[in-house]
Structures are given as structure tokens and as C-alpha cells.
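Mind the numbering: the sequence shown is residues -17 to -1, 1 to 358 in mature numbering (1 follows the signal peptide of the UniProt record, and there is no 0), read in order.
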Amino acid sequence: MLLNLLKAFSLVQLLWNLRNLREDLDYCRNCETCVRLQPLRRDTPNTATPLPDYCWEKCALDLVGPFPGEIYIMTVVDYRSKWPEAIVLKRITSESIVTALADIFARFGNPKVLITDNGRQFVAEEFQDFMKANGIQHRRVSPYFPQANGQVERFHRYLKHSIRAAELDGLSWTEVLPTILQVYRSTPHAGTNMTPESAKNNREITTKLPTVPEMDQNNPEERYKEYQRKLCEYTDAKRHAQQHNLVPGDIVFVANTKSGKLIPTFGHQKYVIVRSKGPDTFELVNAETGQHLTRNVKFLSRVPRMELPVNDDNDNGCLESEEFAGAAMPPLDQLGSTVSDDRNPADSGPPDSAMELRRSTRTPKPKRDADFVYD
């Protein structure tokens, strides 16, 4: 049975009087089995993404669905203006995606950078050839980490909510999709305080709603930075985000992609961090197979580096690890009331002497007879 550090410390301290106890428990805490069974690490603090210099410079692409009728939607969102494009697809092959992108790029031009996830359609050779032919830099986010493509994921949240509302009202969502896009494009964004239409085309869409006065459109970058700062502070505090300490050269376990009651959180294979591909993303290599992976730090756990315990003839066979001899351990009074040491050093024997267990000589009495005296 695996015990956490606090419980193990309390148990050992209760039964034995050992020297180098902290070093020994720290050695046990760093066993590889325990590390592989630990839960995923907490999310790291958010990293704000600055606004691009101009519209349509950087865009995000993704697929959402299936919706009623086995229909999908391909979405493209501009990072600066927040302008969304949505095209209905009956098939989500790389060929159909390339055809839809060609139609969008014919109206707005080619973006400089296009960000996608690692779906099979986006890693296909046909899609890669289309990117190269149009001079577009294709960037893929970390696998199993959709938050890295949050710009388009946030739009999907609004899109799916609107489609569900249309279905509840008995409307065909494919017919009201243009209206859903029009509402989004004519609504001011909380970060830029500008509508996507105004930010992209420098004008407002004419709708049935009354015309509103023009909003202040000066310094959208500064306004967006302040918006991101407040948003990051709120989100990091809510998730109790912690900064990671992994660096290139560390040996790590990678989280299993499959889950089950008896499947450990992390796999048994060890990978070496080769280089950093972003604030919280690393490229890994398996030293045995040569396999390369890209993962977010949330799915990595450092392999403990420890030496075999060394026996000392003067410490009654207690374990002592040179590597963890200098490890910082909290004092006993900070580990909790269950770990407090109430023994008097003057009354205890030397470390090499065995402890004697003494039984109480007091005659136990029932609580109900506490006021009576027995002859």
C-alpha cells in the first residue's frame, strides 16, 4: 500500500526512533511507481497572446460537429478583428477543407499564419501542399490540449449555443447560420471594444437595430492587453495555476492517452525533453525507440533521479541517500498535529537501543461508574 509523505512520516515516527528519517522518507516518496500514479499536474499560468499587426495576419481553423444530419462546420477566426467564417461541410476530408479554404482566401486573401489542431485532415499531405502553395505558415497546437487553440474554441462555444437555441425554437440551424454570424460580427468584443465588422472593414453592419454612436477605436492593443491581464489573473486564481519547472534535458513520463480503473496516469516509457516549442510546450524524444512527441507540460511528470540508499555501520542500518541528504523538509511542527514529537530526549535511550513498549497499569472503569469507588 502506498502512503503519502505525511502519513508515512507519522507512522514511522510512532513506531521507531530512526536517524535520517526525513532523507529516507524523501527517498521513498520519489519512487517511480508513485510518480506514475500521481494525477496530472495543475494548469500553468495563462500566457497572453498579443494582437497581430493587421487583420487576417493570423487565423485559427477548426472543425465542429457533427450537428443534426451528420453535418459539420468548418470555422476560421481572425486573431485581430475576431471576424468569424463558418462553412457547412457534409464531408470533413482534407479535399473538402482545402476547397472551402480556397473560397475564403479568394475573398479575404491568404493569412500569414494558420493555426490548427492535429486532426488527420490537417496533417494530410494534400493540406500541407495547399499551405505551401499559398505561402501560409501552418502551426499545430499541442496534442490533446485544445486550450492552445482557444481563439476558435471560444467561438465554437457561442456557435453551438446558438444552434441549440434555433433547434429548440423549431428552426433549421442551416438556414439561421448566416444570422448567427451576422449577430456575432456586429457585437462589440469585450477585449477590443470594437465589433469584428468595424475592426476588419472599418464600418458597421446595417441591421434592424437602431444605429449606435461610434465607439472609441483608438489604441485597441492597449485595451486588449488590459483585458487579457484581468482575464488571466481571474482564470489563474480560479484554477490555482502553478508555474512548471521542467527544462530541456529532463527525463519525463508522458500521460497515457487511454484511461481506465487500472491504467496508471503516466506510461512506463521515459522521454527526454529536447527543446521548448512554447511557454508550456516541449518536444520529446524516446531514447530507446527514437520516437518524437510534442506535449504540453500538463501531461508530463519528471522521472525522479535518485541513487540507491547507502548503509552506514553507525546508524543501526538506517537508510541514507546522499542525493537527498540536503533535501529541504518542513520542520515537525509544520507537518500537522499528527506528526508532533512529544518524546523527551532525556528519557529516551540512545539511538542504538531498542524501545520497550509499556502497558498501562490503570484499571479501566466504565464511564457510567465514574462517581463510584470499588472496594
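Glycine residues also receive a C-beta, built at the ideal position from the N, C-alpha and C atoms. Keep in mind the model is a prediction, meaning the values are calculated, not measured.
Would you check if the distance between the CB atom of residue i and the CB atom of residue j is smaller than 9 Å?
i      : j      : result
Phe265 : His251 : no
Leu46  : Ile56  : yes
Pro262 : Thr82  : no
Tyr254 : Asn239 : no
Arg147 : Pro67  : no
Pro126 : Asn93  : no
Asp219 : Ile256 : no
Gln211 : Thr76  : no
Lys244 : His172 : no
Using DSSP's beta-bridge definition, name the partner residues of residue i.
i      : result
Asp61  : Cys42
Glu68  : Val59
Val257 : Its beta-bridge partners do not exist; DSSP assigns none.
Thr189 : Answer is none; Thr189 lacks a bridge partner.
Phe249 : Ala238
Gln120 : Val96
Ile87  : Answer is none; Ile87 lacks a bridge partner.
Arg285 : Val235
Val47  : Ile56
Assuming residue i contacts residue j (C-beta within less than 8 Å), just tell me the rounded distance between them.
i      : j      : result
Cys38  : Val59  : Actually they are not in contact, since the Cβ atoms of Cys38 and Val59 sit about 13 Å apart, beyond 8 Å.
Asn176 : Arg206 : 6 Å
Arg123 : Thr99  : 6 Å
Asn69  : Leu160 : Sequence inspection shows Ala at residue 69; the Asn mentioned does not correspond to that position. That belief holds up - the Cβ atoms of Ala69 and Leu160 are roughly 6 Å apart, short of 8 Å.
Gln226 : Pro51  : With a Cβ gap of about 44 Å, Gln226 and Pro51 do not count as contacting.
Tell me the residue span of the alpha helix (DSSP H) that contains residue i.
i      : result
His139 : 133 to 151
Arg159 : Note that residue 159 corresponds to Val in the displayed sequence, not to Arg. It spans 156 to 168 - the alpha helix (DSSP H) in which Val159 sits, taken as one unbroken run.
Ser181 : 179 to 184
Leu214 : 203 to 222
Leu105 : Reading the sequence as shown, one finds Phe at residue 105 and not Leu. Counting along the chain, the alpha helix (DSSP H) containing Phe105 begins and ends at 103 to 106.
Arg19  : 15 to 20
Just mark residue i as buried or exposed, buried being the case when its beta carbon has 16 or more other beta carbons within 10 Å.
i      : result
Lys115 : exposed
Thr178 : buried
Ile163 : buried
Ala89  : exposed
Asp26  : buried
Tyr10  : buried
Arg278 : buried
Pro203 : buried
For the beta strand (DSSP E) that contains residue i, what are its first and last residues?
i      : result
Ile98  : 96 to 99
Val268 : 264 to 269
Arg278 : 275 to 279
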